[in-house]
């Protein structure tokens with residue numbers, strides 16, 4: 001009965017069963033009010049003999065069950081006695097004798113080296129005598145050369161030929177041209193601003209421009225509806241406004257023409273001032289060349305005087321007896337140097353021997369350690385089972401199961417990312433189609449508005465340059481002054497290249513054509529990339545449809 005009762009209790013919730021059994025099997029509760037309540041239903045003798053006494057008799061046995069439930073509720077680990085396990089014993093086999101450590105070979109001692117011969121450091125006497133003779137001959141030749149340069153023949157002075165003088169003049173001209181080329185060159189102003197400059201529009205700019213043209217169309221429709229309903233035509237006000245704008249444009253044209261003439265006048269004056277500065281610099285350069293020639297002449301005279309003094313000093317030194325003492329000192333120095341080298345070689349040999357002995361000792365110790373490690377018993381390894389669960393619980397899993405679950409999770413994530421990527425591509429293609437439609441509308445509106453602007457500009461260009469100059473006296477004076485400066489500049493012969501208006505416009509046209517070709521290539525590459533993306537999107541849709549069909 002107790003085993004079945006304990007199985008029933010363990011099958012229920014531990015917390016509730018613990019509270020119930022602790023309350024029900026308490027002796028104080030059984031003898032007091034539980035007995036009183038049962039006596040209301042049954043007879044007192046039956047309650048005492050059949051109910052209370054058996055419960056009191058089984059109370060110590062039930063207490064162990066209550067204690068086990070208390071441990072479960074309080075998360076106390078139950079100590080289970082481990083069964084005795086069989087201890088494996090090694091086989092009593094004959095152990096092999098350890099291998100004998102071979103004695104290392106002795107390092108052979110180095111043979112004593114012979115001393116360095118004296119002939120290695122002391123050259124033969126014949127070479128020294130030849131060297132002294134060479135020095136004396138060289139000194140004599142230098143002295144003779146100095147005397148010949150100083151005391152030249154005065155009856156036949158050397159002069160440069162006409163061909164050489166012309167070559168020198170050409171070299172000087174080339175140098176002056178290089179100096180002029182390095183000077184600052186002012187650039188002329190461009191003729192006019194370029195129209196239809198290519199501008200790359202992003203999505204925001206396209207939508208903003210589309211909204212602008214839609215608003216203009218709506219305003220135009222509202223104006224037409226107001227006129228149909230009977231509103232007043234603002235043509236008189238617009239005519240007055242147009243006249244005012246024409247007057248303002250005429251004033252602006254006069255100001256622009258004045259600025260243009262002033263710019264040209266400043267350009268001509270700058271050329272004249274540059275020419276005057278170049279003449280001043282040429283004069284300064286000529287003066288500096290004369291001063292440099294005088295300084296070079298003085299330097300040559302000083303050099304000749306120094307060489308004469310040096311010659312006298314060499315003669316005095318050669319006559320002295322100091323050469324023998326210097327030779328003796330040199331011999332002693334070489335002897336000391338040989339002794340030091342021999343001593344250093346002996347020290348190095350001793351260091352090499354010490355190092356070899358230390359290496360031999362280290363190898364010997366290492367061999368002993370290896371032998372001891374080989375003779376020691378090998379440790380027993382415990383192998384890992386990847387399919388084994390450590391605690392045998394339902395919430396645990398093995399390594400193989402974990403790998404499989406992670407692989408399934410990665411596949412699910414990759415599938416979700418692919419679906420999300422497909423949705424994004426569809427939305428992107430729809431957005432690009434919307435932008436292309438907007439661009440078509442914008443191009444139509446631009447054509448209409450540009451036509452209006454061109455018509456308006458043709459009306460403004462009716463004011464000619466001659467009429468502006470004739471109407472304003474200050475412009476006529478500037479034009480006259482500019483012509484005078486041009487005549488003065490043309491009289492001057494300045495070997496300098498000036499960039500004209502035609503050359504400037506040609507350079508600007510080349511630059512603009514290059515920019516247009518780069519932009520066309522960029523847009524073409526963008527269109528090709530979009531076509532490739534659309535093809536990839538179609539292929540993905542077909543693959544998804546095939547997977548769904550399967």
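Residue numbers (our numbering): 1 to 550. For glycine and all other residues, C-beta sits at the position ideal for the given N, C-alpha and C. Predicted, not measured: the structure shown is a model, and the values here were computed from it.
1) When you compare only the Cα positions, how much space is there between residue 304 and residue 147?
2) Does DSSP put residue 388 in a helix, a strand or coil?
3) Is residue 120 helix, strand or coil by DSSP?
4) How would you write the range of the alpha helix (DSSP H) that residue 64 sits in, first residue to last?
5) Could you compute how far the alpha carbon of residue 276 sits from the alpha carbon of residue 475?
6) Take residue 399 and list the residues in its own chain whose beta-carbon comes closer than 7 Å to its own, dropping the five residues that flank it on each side.
7) Distance, Cα to Cα, residue 441 vs residue 434?
8) Please list, in chain order, all residues of the same chain as residue 143 whose beta carbon is under 7 Å from its beta carbon, the five residues on each side excluded.
9) Counting along the chain, where does the alpha helix (DSSP H) carrying residue 14 start and finish?
10) Which of the three DSSP states, helix, strand or coil, is assigned to residue 493?
11) Classify residue 145 as helix, strand or coil using the three-state DSSP reduction.
12) Should residue 101 and residue 356 be called a contact, given that it needs their Cβ atoms to be closer than 8 Å?
13) To the nearest angstrom, how far is the alpha carbon of residue 337 from that of residue 131?
14) Could you say if the segment 232-248 and the segment 447-455 meet the contact criterion of at least three C-beta pairs nearer than 8 Å?
15) So, with DSSP's three-state summary, where would you put residue 87?
16) Decide yes or no for the touch test of the segment 31-41 against the segment 87-94: beta carbon pairs closer than 8 Å, at least 3 of them.
17) Would you mind sorting residue 25 into buried or exposed? The rule is 16 or more other CB atoms within 10 Å of its CB.
18) Answer yes or no: do residue 482 and residue 261 have a C-beta to C-beta separation smaller than 8 Å?
19) Could you pull the start and end residues of the alpha helix (DSSP H) that residue 213 belongs to?
20) Buried or exposed, going by whether 16 or more other CB atoms sit within 10 Å of the CB of residue 18?
21) First and last residue of the alpha helix (DSSP H) that includes residue 9?
22) Report yes if the C-beta distance between residue 55 and residue 30 is below 8 Å; otherwise report no.
23) Measure the C-alpha to C-alpha separation of residue 10 and residue 74 and round it to an integer number of angstroms.
24) Flag this pair as yes or no: are the beta carbons of residue 21 and residue 66 separated by less than 8 Å?
25) Does the pairing of the segment 341-361 with the segment 108-118 give three or more beta-carbon distances under 8 Å?
26) From residue 15 to residue 47, what distance separates their C-alpha atoms?
27) State yes or no: is the C-beta of residue 431 within less than 8 Å of the C-beta of residue 210?
28) Pull up the distance between the alpha-carbon of residue 58 and that of residue 23, whole angstroms please.
29) Grouping DSSP H, G and I as helix and E and B as strand, with all else coil, what is residue 100?
30) Ends of the alpha helix (DSSP H) at residue 43?
31) Are residue 269 and residue 485 close, meaning C-beta to C-beta below 8 Å?
32) Please state the DSSP three-state secondary structure of residue 498.
Let's see:
1) Start at 1 with the first residue of the chain shown, and residue 304 comes out as number 304. Start at 1 with the first residue of the chain shown, and residue 147 comes out as number 147. Distance between the alpha carbons of residue 304 and residue 147 is about 9 Å.
2) Within the chain shown, the letter at position 388 stands for residue 388. It is coil, neither helix nor strand.
3) To locate residue 120, count along the chain shown from 1; it is residue 120. Here residue 120 sits in helix by DSSP.
4) Here the question's residue 64 lines up with position 64 in the chain shown. Boundaries of the alpha helix (DSSP H) harbouring residue 64: 53-73, taken from the DSSP string.
5) As a first step, residue 276 is located in the chain shown; it is residue number 276 there, counting from the start. As a first step, residue 475 is located in the chain shown; it is residue number 475 there, counting from the start. Answer to the nearest angstrom: the Cα atoms are 28 Å apart.
6) For the purposes of this step, residue 399 is taken as the residue at position 399 of the chain shown. Non-local beta-carbon contacts of residue 399 in its own chain, meaning distances under 7 Å to residues more than five positions away in sequence, involve 386 in chain order.
7) The residue given as residue 441 occupies position 441 in the chain shown. The residue given as residue 434 occupies position 434 in the chain shown. Distance between the alpha carbons of residue 441 and residue 434: 11 Å.
8) Position 143 of the chain shown, counted from the first residue, corresponds to residue 143. Beyond the five residues adjoining it in sequence on each side, residue 143 comes within less than 7 Å, by CB distance, of 311 in the same chain, given in chain order.
9) Counting from one through the chain shown, the residue named residue 14 turns up at place 14. First-last of the alpha helix (DSSP H) with residue 14: 14-24.
10) One-based indexing of the chain shown puts residue 493 at position 493. Note on residue 493: pLDDT 49, under 50, position unreliable in the model; no value is reported.
11) Residue 145 sits at position 145 when you count from the first residue of the chain shown. Of the three classes helix, strand and coil, the one that applies to residue 145 here is helix, per DSSP.
12) Counting from one through the chain shown, the residue named residue 101 turns up at place 101. Counting from one through the chain shown, the residue named residue 356 turns up at place 356. No. Outside cutoff.
13) Counting from 1 along the chain shown, the entry for residue 337 is found at position 337. Counting from 1 along the chain shown, the entry for residue 131 is found at position 131. Residue 337 and residue 131: Cα-Cα distance of roughly 23 Å.
14) no
15) Sequence index remark: in the chain shown, residue 87 carries index 87 (1-based). In this structure, residue 87 counts as coil in the three-state DSSP scheme.
16) no
17) Along the chain shown, one-based indexing puts residue 25 at 25. With 16 or more other Cβ atoms within 10 Å, it is buried.
18) Translated into the one-based positions of the chain shown, residue 482 becomes position 482. Translated into the one-based positions of the chain shown, residue 261 becomes position 261. Contact: yes.
19) Along the chain shown, one-based indexing puts residue 213 at 213. Looking at the DSSP string, the run of the alpha helix (DSSP H) that includes residue 213 is 203-229.
20) In the chain shown, counting from the first residue as 1, residue 18 sits at position 18. It counts as buried.
21) On the chain shown, position 9 is the one that residue 9 refers to. From DSSP, the alpha helix (DSSP H) with residue 9 extends over 2-11.
22) Numbered from its first residue, the chain shown carries residue 55 at position 55. Numbered from its first residue, the chain shown carries residue 30 at position 30. Result yes, Cβ atoms of residue 55 and residue 30 sit closer than 8 Å.
23) By 1-based counting over the chain shown, the position of residue 10 is 10. By 1-based counting over the chain shown, the position of residue 74 is 74. Straight across, the Cα-Cα distance linking residue 10 with residue 74 is about 15 Å.
24) Along the chain shown, one-based indexing puts residue 21 at 21. Along the chain shown, one-based indexing puts residue 66 at 66. It is a contact, given that the beta carbons lie within the stated cut-off.
25) yes
26) Reading the chain shown from its first residue, position 15 is the one you call residue 15. Reading the chain shown from its first residue, position 47 is the one you call residue 47. Rounded to whole angstroms, residue 15 to residue 47 spans 29 Å at the Cα level.
27) In the chain shown, counting from the first residue as 1, residue 431 sits at position 431. In the chain shown, counting from the first residue as 1, residue 210 sits at position 210. In this structure, residue 210 does not lie closer than 8 Å to residue 431 by Cβ.
28) Here residue 58 corresponds to residue number 58 of the chain shown, with the count starting at 1. Here residue 23 corresponds to residue number 23 of the chain shown, with the count starting at 1. Answer to the nearest angstrom: the Cα atoms are 15 Å apart.
29) Within the chain shown, the letter at position 100 stands for residue 100. In this structure, residue 100 counts as coil in the three-state DSSP scheme.
30) As a working note, residue 43 is residue 43 in the chain shown. Note, residue 43: premise wrong, no alpha helix (DSSP H); not H, not E.
31) As a working mapping, residue 269 is identified with position 269 in the chain shown. As a working mapping, residue 485 is identified with position 485 in the chain shown. Cβ atoms of residue 269 and residue 485: closer than 8 Å.
32) In the chain shown, counting from the first residue as 1, residue 498 sits at position 498. With a pLDDT of 43 at residue 498, under the threshold of 50, the modelled position of this residue cannot be trusted; read the value that follows with caution. Residue 498 falls in the coil class under three-state DSSP.
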